[in-house]
Amino acid sequence: MASRESAYRDVLGRIEAAEKERAARTGEHRSVRLVAVSKRQSAEAIAALADLGQRDFAENYLQEGMEKQAALAGRRLTWHFIGPIQSNKTRSIAEHFDWVHSVDRIKLIRRLGEQRDPAQNPLNVLLQVNVDDEASKAGASPAEVPALVEEFAGQPTLRLRGLMCIPRPGNTQAFESLAELNAALPRPLPDLSMGMSGDFEAAIAAGSTIVRVGTALFGRRD
Ligand SMILES: *Cc1c(COP(=O)(O)O)cnc(C)c1O
Numbered sequence: 005m006a007s008r009e010s011a012y013r014d015v016l017g018r019i020e021a022a023e024k025e026r027a028a029r030t031g032e033h034r035s036v037r038l039v040a041v042s043k044r045q046s047a048e049a050i051a052a053l054a055d056l057g058q059r060d061f062a063e064n065y066l067q068e069g070m071e072k073q074a075a076l077a078g079r080r081l082t083w084h085f086i087g088p089i090q091s092n093k094t095r096s097i098a099e100h101f102d103w104v105h106s107v108d109r110i111k112l113i114r115r116l117g118e119q120r121d122p123a124q125n126p127l128n129v130l131l132q133v134n135v136d137d138e139a140s141k142a143g144a145s146p147a148e149v150p151a152l153v154e155e156f157a158g159q160p161t162l163r164l165r166g167l168m169c170i171p172r173p174g175n176t177q178a179f180e181s182l183a184e185l186n187a188a189l190p191r192p193l194p195d196l197s198m199g200m201s202g203d204f205e206a207a208i209a210a211g212s213t214i215v216r217v218g219t220a221l222f223g224r225r226d
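Note that the working numbering numbers the sequence shown so that position 133 is 137, with each residue one more than the last.
Right, dumping it as structure tokens:
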């Protein structure tokens, strides 16, 4: 694999080109946030990317993520939780993360809302929606989304930012479906977290504002 710096510059360049291409087509410019997915990568690898200017990092497993946060505590990094959430783990997520992308049921919204310290900035939340795979259990169904959105009205410690999806590889139509679902809400949400190493340009073309990229930045995971 090319050096870390050239991989990073390459991903940033491809994001910028996809943003411009969409802006030219739709007349609407959105800047896309790159979240570096650091699961199964070392704290040293994260530090090296942070030295190049990357700020947002995402973890899938709580224990692993918290160990890396402790190792990198001196740096001002923004941490995203993107893995499946067991309800007994919400407290640690509420205490240690800035964003959580994988909220898919009312119980999690209530627990995170109670457990987030009001002295902290609100926890940024994305609702994970299952837009393409009926066999998968992760993610709310599109029909459940309006009720989940309403649940945030009474949650001052949470800030609902948008929707997230993890479609099957190759199913870029799912990105359009998530964007349409958002546009059909009474008040569309500002963010769509969609797109990974293999498909982030297609996701940006469909309106993604947050891409979650691991392999294209760090190389293959062990
Ligand atoms: C691992 C993971 C990613 C990153 O996948 P890559 O293909 O390595 O870019 C993005 N989102 C989620 C939810 C993941 O679990």
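Note that CB positions come from ideal geometry on N, CA and C, so glycine has one too.
In the assembly as shown, L152 is a buried residue. Its beta-carbon has 16 or more other beta-carbons within 10 Å.
By the C-beta criterion, the region 93-106 is judged to be in contact with the region 66-84, since at least 3 inter-stretch pairs fall below 8 Å.
In the three-state reduction of the DSSP assignment, A139 falls in the coil class, being assigned neither a helical nor a strand state. One thing to note: A207 has its Cβ within 8 Å of the Cβ of M198. Judged by the Cβ position, I170 qualifies as a neighbour of ligand 1 at the 7 Å threshold, a heavy atom of the ligand being closer than this. Taking V135 as the centre and dropping the five residues before and after it, the same chain places the C-beta of G143, P146, C169, P171, A178, S181, L182 and L185 closer than 8 Å to its C-beta, in chain order. DSSP, read as helix, strand or coil, puts H100 in helix. Shortest Cα-Cα distance from H33 to any of G211, L116 and D121 involves G211. Residues Q119 of the same chain have their beta carbon placed closer than 6 Å to that of R95, with the five preceding and five following residues left out of the count. The three-state secondary structure of T161, taken from DSSP, is coil.
Ranked by how close their Cα comes to the Cα of L66, the residues I86, E48 and E25 have I86 in first place. If you draw a straight line from the Cα of L164 to the Cα of L193, it is about 8 Å long. DSSP places D60 within a strand segment (E or B) once states are collapsed to three. In this structure I97 touches L116 by the C-beta definition: roughly 7 Å separates them, less than 8 Å. When beta bridges are read from the DSSP output, D195 appears opposite G166. Between the beta-carbon of V15 and that of V217 there is about 6 Å, and that keeps the pair under the 8 Å contact cut. Judged by DSSP in its simplified three-state form, V41 adopts strand.
Cβ neighbours of T161 within its own chain (closer than 6 Å, five residues either side excluded): G117, R120, P122 and P126.
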